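J.:
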Amino acid sequence: MRSHAQVVVIGGGVIGCSVIYHLSKLGMRDVVLIERSELTSGSTWHAAGGFHTLNADTNMAALQGYTIRLYRELEEITGLSCSLHHVGGLTLAESPERLDFLKSARAMHRHMGLDTEIVTPAEIRQLSPITNTDGILGALYDPLDGHLDPSGTTHAYAKAAQIQGAEIILRNPVVETNPLPDGGWEVVTEQGTIIAEQLVNAAGLWAREIGAMAGVYLPLHPMEHQYFTTDDIPEVLAQDTELPHVMDPEGESYLRQEGKGLVIGFYEQNCVPWAVDGTRWDFGHELLSENLDRIGDAMEFAFKRYPVLERAGIKTIINGPFTFAADGNPLVGPVPGLRNYWSACAVMAGFSQGGGVGLTLAEWMVDGEPSRDVFAMDVARFGDYCTPSYTRLKVRENYQRRFSVSYPNEELPAARPLDTSPAYAIWQQQNAVFGAAYGMEHVNYFAAQGEEAYEIPSFRRSNAFDIVGEEVRAVRENVGINEVHNFGKYEFSGPGAHQFLDTIMAGKIPPPGRINLNPMLSRNGRIIGDFTVAQVKPGVFQVAASFAAQAYHMRWFEQHLADTEVILKNVSKERIGFQIAGPKAQELLGRVTGADISTAAMPFLSVGEFDVGQCQAIVQRVSYTGDRGYEIYVPWYQQVALYQLLSEAGKDLGLRPFGMRAMMSLRLDKSFGSWMREFKPDYTPLETGLDRFVDYKKASDFIGKAAALVEKESGVARKLCTFEVDAKDADVVAWEPIWHGGEVVGYVTSGGYSHYTRKSIAFGFLPVELVEEGREVEIEILGEMIPAKLYLSPLFDPKNEYLRG
Ligand SMILES: Cc1cc2nc3c(=O)[nH]c(=O)nc-3n(C[C@H](O)[C@H](O)[C@H](O)COP(=O)(O)OP(=O)(O)OC[C@H]3O[C@@H](n4cnc5c(N)ncnc54)[C@H](O)[C@@H]3O)c2cc1C
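Quick note: to get our numbering, add 10 to the position in the sequence shown (first position is 1).
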C-alpha cells in the first residue's frame with residue numbers, strides 16, 4: 011500500500027464513494043478510499059433505493075435535486091447503470107394542516123427551480139390507481155422522485171472517481187487514526203500505514219467508532235428500519251407504465267413498484283435504536299431479525315390505503331440499520347476541535363442526499379468553503395450538549411416524526427429540558443411557554459394565568475398571538491425584561507486580541523467603552539456572523555452573536571487563532587443576565603445602580619463595567635428590540651439576584667417579562683435582520699445592507715476584504731427589502747416566493763406580525779431594478795397570492811433619534 015495521500019476517505023458506502031467522486035472531479039488527484047470489506051458493506055447494500063427532493067431546508071432540498079440529476083452524469087461517465095426509475099412521487103395530505111405544509115413546500119420549490127405541483131384526489135387516482143383516496147385532500151407531486159439500484163449507483167460513483175484518478179483499497183479495515191504535529195493524520199490499517207494530509211470519516215454505521223479513534227464524538231445514532239417487497243400483483247401487472255411513489259404520512263409509510271410487485275416501508279412510532287453501545291466490527295452483509303409486530307398497526311392502515319396489498323404475498327422482509335443525526339440531516343464539514351479531519355456521516359437518505367453531501371464536502375476541502383450555505387448539515391450545528399444519550403432520544407423523536415408536519419412555531423419535546431438558566435424556575439412560576447435552541451431553554455412567551463402553557467403548532471397565527479401583542483406593547487410603552495442567556499458570548503483578551511478581531515471582523519473595532527455591530531465574512535465575502543463587538547475595558551472584548559452558532563463560530567475562531575497572542579473564552583453559559591428595554595428602561599436601571607447612566611455618560615452603543623445592585627455587571631446600551639434598552643450581563647450565579655432587584659424596582663414602571671416571540675416581532679419594526687434568516691453564508695453585506703457596518707477602508711486586510719471590495723465595485727443583482735403584507739391570518743415564515751408581473755422575482759427570508767405597528771411584515775430579496783418605495787408585489791403564502799408593498803425606512807424610529815436620546 012502507498013505511504014502517503016492528500017486525502018484518505020474511510021468508508022466505501024454510497025457517501026464515501028460520492029466524496030471521492032467529487033474530490034477528484036474538483037481536481038484533487040491524490041485521493042484514496044479505504045474500505046474494510048467490499049463497497050456497500052454498511053447500510054448502503056440493503057437500502058430501498060428511493061430518492062426525493064422534499065426537505066424542510068431549501069438548500070438541502072436543492073442539494074437533493076442536484077443528487078438526483080447527477081445519476082445520468084454518472085451513467086454517462088462510467089457506462090454503468092444506476093437502474094434509474096424516474097416515476098415521480100406523491101405525498102398525500104389527509105388534513106388541512108398537511109395540505110398547508112405541502113403548499114408551503116410547493117411555494118419554496120418555485121424559486122429553487124423544482125417543478126412540483128399540488129394535485130387533487132382525482133389526479134392522485136389517475137396517477138396511482140392502487141391508492142384509496144378516501145379522506146385525502148390532495149397531494150404534492152414531484153416528477154423528480156424515483157428509485158434506483160443502491161449497489162449499482164455506489165459502484166458508478168466509485169468507477170467515475172477511479173476514472174478521474176482516485177484509488178480504492180478494499181478489504182482493509184482502518185484500526186487507528188493518529189494526529190501528527192504538522193496537522194496530518196497517520197491512518198493505520200491492516201495492510202499498513204498511510205499518512206493523510208486530510209482525513210474524511212465516511213464510515214456510516216461505524217462513524218461513531220471511527221470518530222472515537224480520533225477522540226471525538228459524532229452525534230449520530232443508528233435506527234432499525236423495515237420494509238417488505240411483495241410477490242407480483244395483478245393490478246400492477248395490468249399497468250402500462252410504472253406506478254409513482256406514494257408517501258402516506260398518515261400511515262407512516264412509503265410505497266413504490268418493484269418489478270410487478272410493490273415495496274412498502276414504515277417509519278413506525280414504536281421504533282428501535284440499534285447498536286446503543288456501538289456497532290460491532292464484525293457486523294457485515296447481514297440483516298436484523300424481522301419484527302412485523304412492530305409495524306402491525308401501520309400495515310393494517312396500509313391495507314386500507316392500498317387494498318391490493320391485502321391479497322399480495324410477502325416476498326422478502328428487510329430489517330436493516332442506518333444512521334441519523336438529532337435533526338435527521340447529515341453531519342458534514344470540518345470536525346470542531348480537530349485539524350484536517352472531515353465528517354461525511356449521518357446521511358439517512360444516501361440516495362437523495364449523497365451527491366449533495368459529496369459536492370459540499372469536496373468544495374469545502376478544495377475551495378475552503380462550500381458554494382452555498384450548508385449550516386443545516388454542518389457538523390458544527392451541534393455542541394457539547396449533544397451527548398450519546400441526548401442524541402439517541404432526539405434521533406428516536408426524529409424517526410417518529412419522519413412524516414409529521416413541521417410547523418414553524420413548533421417546539422419538539424424529546425430530551426427537554428436539558429440546559430436551563432437559573433431564571434428558569436422563575437419563568438415557570440409565571441406560566442412561561444418554553445422553546446429550546448442548542449440544548450438551552452428560553453421563554454417564547456408567557457401564557458395568561460389560568461391558561462395552558464402550550465402554543466398550538468400552526469402555519470397561521472397561533473393562540474399566542476394576542477398575549478405576544480401585550481408583551482410587545484409593554485416594551486414599547488413602558489419597559490420589558492427578557493433574558494440574554496441565549497446569545498453566544500466570547501471574551502477576547504491578551505496582547506493580540508485587538509489585531510485578531512480587526513482581521514476576522516469586517517467592521518471597525520470599537521474603542522474602549524464602545525460597541526460596534528460587526529459582520530464576519532468568509533474569504534469569498536459571504537456573511538458567516540453578525541456580531542456585537544464591545545471593548546469592555548482596554549484590550550478586553552465581549553463579542554456576541556447567535557447562541558446556536560457557538561460551535562460554528564468557535565471553529566472559525568480557533569482555525570484562525572494560530573500563533574496569535576489571544577486568550578479566547580466561550581462565556582456563553584457563564585455570563586448571562588437580562589435586557590431591559592422600553593422608554594422607562596433608563597429610569598429602571600438608574601434606580602438600581604450608582605453608576606452614571608445618563609445619555610451623556612452612557613450613550614447608545616456604549617458599554618460599561620459596574621455594579622448593578624450587588625451584582626458585578628457588564629452593561630451594554632443596545633437592544634435588539636430597537637427600543638432604548640440595556641443588556642446587563644452578570645455571572646450566572648448572580649442572575650436570580652439581578653432579577654429580584656430589577657423586578658422589585660420596576661413594579662411601578664409597568665415592568666413586564668417578554669419572550670422570544672415578542673422580541674422577534676419588535677425587531678420587525680426596525681427592519682433588523684437575524685442570523686440564519688437574513689444573515690447567512692448565502693448572502694453578502696451589500697445584498698443585505700450590512701455593508702454599512704463594513705469598514706472597506708480600514709488598514710487591516712480583514713478576511714473577505716478583497717471579495718467585499720470587488721462586490722462594492724461591481725454592485726449586486728439583488729437587495730434585501732422590507733414589505734408590508736396584506737396578510738389575513740397567516741404571516742410569512744420564510745422562503746415564500748415573491749411575484750411581480752406574473753413571475754417569481756424573489757423570495758422571503760423571514761417576517762411575521764409587528765404587533766406594535768399592527769402590520770404584517772416580510773423581509774425578502776428583490777432584483778435591484780425593482781427596488782423602489784411603494785413597489786407592489788405579491789407574496790405566495792400557503793398557496794394564496796397576497797398583495798405586499800415595499801417600503802424603505804423602518805416603521806419605528808426610522809432615524810434612530812429616539813434610540814439615541
Ligand atoms: C432498510 C433500509 C432502507 C433504506 N432505504 C433508503 C432509501 O430508499 N433511500 C435512501 O436514500 N436511503 C435509504 N436508506 C439509507 C441509506 O442506506 C443510507 O443513507 C446510506 O447507505 C448511508 O451510506 P454511508 O456511505 O454513509 O454508510 P454505510 O453504507 O454504512 O457505509 C460505511 C462504510 O464504511 C466502511 N467502514 C466502516 N468502518 C471501517 C473501517 N474501520 N475501515 C474501513 N472501512 C470501514 C463500512 O464497511 C461501510 O462500507 C435505507 C437504509 C436502510 C437500512
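No residue lacks a Cβ here, since even glycine has one placed at the ideal position from N, Cα and C. Quantities reported herein were computed from a predicted structural model and do not represent experimental measurements.
Does R814 come out as helix, strand or coil in the three-state DSSP assignment?
T.: Here residue 814 corresponds to residue number 804 of the sequence shown, with the count starting at 1. If DSSP states are grouped into helix, strand and coil, R814 belongs with the helices.
J.: Ligand 1 and V581: does the residue's C-beta get closer than 7 angstroms to at least one heavy atom of that ligand?
T.: Counting from one through the sequence shown, the residue named residue 581 turns up at place 571. Result no, Cβ not under 7 angstroms from ligand 1.
J.: Is F413 near ligand 1, with its Cβ less than 7 angstroms from a heavy atom?
T.: For this step, residue 413 is matched to residue 403 along the sequence shown. Not so, every heavy atom of ligand 1 lies at least 7 angstroms from the Cβ.
J.: In whole angstroms, give me the CA-to-CA distance for M612 and E619.
T.: Residue numbering aside, residue 612 sits at position 602 when the sequence shown is read from its first letter. Residue numbering aside, residue 619 sits at position 609 when the sequence shown is read from its first letter. About 11 angstroms.
J.: What are the uninterrupted segments assigned as alpha helix (DSSP H) that are 4 or more residues long and contained completely in the stretch 61 to 87, given in chain order?
T.: none
J.: Would DSSP call E379 helix, strand or coil?
T.: The residue you call residue 379 lines up with position 369 of the sequence shown. Collapsing the DSSP output to three states places E379 in coil.
J.: Among the residues of its own chain, which have a CB less than 7 angstroms from the CB of D363, if the five just before and after it don't count?
T.: Locating residue 363 in the sequence shown gives position 353, where the first residue counts as 1. According to the sequence as given, residue 363 is Gln; it is not Asp. L73, Q74, T77, P340 and V357.
J.: Near I305, what residues of its chain come up, given a Cβ to Cβ distance below 7 angstroms and the 5 sequence neighbours on each side ignored?
T.: Against the sequence shown, residue 305 aligns to sequence position 295. Around I305: Q236, F276 and E278.
J.: Should the stretch 477 to 494 be regarded as contacting the stretch 523 to 540, the criterion being three or more beta carbon pairs within less than 8 angstroms?
T.: no
J.: What is the residue span of the alpha helix (DSSP H) that S114 lies within?
T.: As a position in the sequence shown, residue 114 is number 104, starting the count at 1. P106 to R120 is the span of the alpha helix (DSSP H), which, as asked, contains S114.
J.: Per DSSP, which residues does S760 bridge with? Please list them.
T.: To locate residue 760, count along the sequence shown from 1; it is residue 750. Its beta-bridge partners are F773.
J.: Using the C-alpha atoms, what's the distance from V405 back to R412?
T.: Mapped onto the sequence shown, residue 412 falls at position 402. Mapped onto the sequence shown, residue 405 falls at position 395. About 10 angstroms.
J.: Would you say R402 touches ligand 1, meaning its beta carbon is less than 7 angstroms from a heavy atom?
T.: Here residue 402 corresponds to residue number 392 of the sequence shown, with the count starting at 1. Checking the Cβ of R402 against ligand 1 gives no.
J.: Say yes only if the C-beta of F332 is nearer than 7 angstroms to one or more non-hydrogen atoms of ligand 2, and no if none qualify.
T.: In the structure on display, ligand 2 does not appear, and the ligands it does have are ligand 1.
J.: Tell me which residues share the same chain as M530 and place their Cβ nearer than 7 angstroms to its Cβ, disregarding the 5 neighbours each side in the sequence.
T.: Here residue 530 corresponds to residue number 520 of the sequence shown, with the count starting at 1. Once the five neighbours on either side are set aside, the close Cβ partners of M530 are I514, M515, A516, I538, G539 and F541.
J.: When DSSP labels each residue in this structure, what does E420 get in the three-state scheme?
T.: Taking the sequence shown and counting its residues from 1, the one referred to as residue 420 is at position 410. Note: E420 maps to coil in three-state DSSP.
J.: How big is the Cα-Cα spacing for Y455 and V443?
T.: Looking up residue 455 in the sequence shown gives position 445. Looking up residue 443 in the sequence shown gives position 433. Taking the straight line from one Cα to the other gives about 5 angstroms.
J.: Buried or exposed: where does M670 fall if 16 or more other Cβ atoms within 10 Å of its Cβ makes it buried?
T.: In the sequence shown, counting from the first residue as 1, residue 670 sits at position 660. Classification for M670: buried.
J.: Considering only heavy atoms of ligand 1, does any lie closer than 7 angstroms to the CB of I305?
T.: Counting from one through the sequence shown, the residue named residue 305 turns up at place 295. No; taking the cut-off as 7 angstroms, the Cβ of I305 has no heavy atom of ligand 1 nearer than that.
J.: With distances taken Cα to Cα, identify the nearest neighbour of I146 among A103, T163, S114 and L298.
T.: Translated into the one-based positions of the sequence shown, residue 146 becomes position 136. Nearest option by C-alpha distance: A103.
J.: Below 8 angstroms, can you find three or more Cβ-Cβ pairs linking the stretch 424 to 444 to the stretch 124 to 135?
T.: no
J.: Output the residue ranges of the beta strand (DSSP E) runs that lie fully inside the stretch 535 to 621 and measure 3 residues or longer, sorted by chain position.
T.: Within the stretch 535 to 621, the beta strand (DSSP E) runs of at least 3 residues that lie entirely inside it are, in chain order, 537 to 547, 550 to 556, 577 to 580 and 585 to 591.
J.: If you follow the beta strand (DSSP E) that R426 is part of, which residue opens it and which one closes it?
T.: Position 416 of the sequence shown, counting from 1, holds the residue named residue 426. Neither: R426 is in no beta strand (DSSP E) and is coded neither H nor E.
J.: Report all residues from its chain with a CB closer than 6 angstroms to the CB of F111; omit the five preceding and five following residues, and keep chain order.
T.: Numbered from 1 along the sequence shown, position 101 holds the residue referred to as residue 111. So the list reads V415, once near-sequence residues are dropped.
J.: K738 to E790, Cα distance in whole Å?
T.: Taking the sequence shown and counting its residues from 1, the one referred to as residue 738 is at position 728. Taking the sequence shown and counting its residues from 1, the one referred to as residue 790 is at position 780. Between K738 and E790, the C-alpha separation is close to 13 angstroms.
J.: Using DSSP's beta-bridge definition, name the partner residues of F502.
T.: Taking the sequence shown and counting its residues from 1, one reaches residue 502 at position 492. DSSP lists F551 and L578 as partners of F502.
J.: Could you tell me if W291 is buried or exposed, where buried requires 16 or more neighbouring beta carbons within 10 angstroms of its beta carbon?
T.: Start at 1 with the first residue of the sequence shown, and residue 291 comes out as number 281. Exposed: under 16 other Cβ atoms inside 10 Å.
J.: Smallest Cα separation from D606: which of K169, L805, V622 and E320?
T.: Reading the sequence shown from its first residue, position 596 is the one you call residue 606. Per the Cα distances, V622.
J.: To the nearest angstrom, report how far apart S299 and I327 are at their CA atoms.
T.: Your numbering for residue 299 matches position 289 in the sequence shown. Your numbering for residue 327 matches position 317 in the sequence shown. About 9 angstroms.
J.: Find out if the Cβ-Cβ distance for the pair E421, A446 is shorter than 8 angstroms.
T.: In the sequence shown, counting from the first residue as 1, residue 421 sits at position 411. In the sequence shown, counting from the first residue as 1, residue 446 sits at position 436. When the beta-carbon positions are compared, E421 and A446 come within less than 8 angstroms of each other.
J.: Please list, in chain order, all residues of the same chain as P467 whose beta carbon is under 7 angstroms from its beta carbon, the five residues on each side excluded.
T.: One-based indexing of the sequence shown puts residue 467 at position 457. Excluding positions up to five away in sequence, the list reads Y417, N419 and E420.
J.: Between Y500 and F557, what straight-line distance do the alpha-carbon atoms span, to the nearest angstrom?
T.: Taking the first residue of the sequence shown as position 1, residue 500 is located at position 490. Taking the first residue of the sequence shown as position 1, residue 557 is located at position 547. So the two alpha carbons sit approximately 11 angstroms from each other.
J.: Count the C-beta pairs between the stretch 681 to 694 and the stretch 486 to 499 that are closer than 8 angstroms, then say yes if the count reaches three, no if not.
T.: Contact fails: fewer than three Cβ-Cβ distances are below 8 angstroms.
J.: Residues in the same chain with beta-carbon distance under 8 angstroms from M673, minus the five sequence neighbours each way, listed in chain order, please.
T.: Within the sequence shown, numbered from 1, the residue matching residue 673 stands at position 663. Same-chain partners within the cutoff: N492, Y634 and T635.
J.: Using 8 angstroms as the threshold, is the C-beta distance between P153 and M233 below it?
T.: Start at 1 with the first residue of the sequence shown, and residue 153 comes out as number 143. Start at 1 with the first residue of the sequence shown, and residue 233 comes out as number 223. Cβ atoms of P153 and M233: not closer than 8 angstroms.
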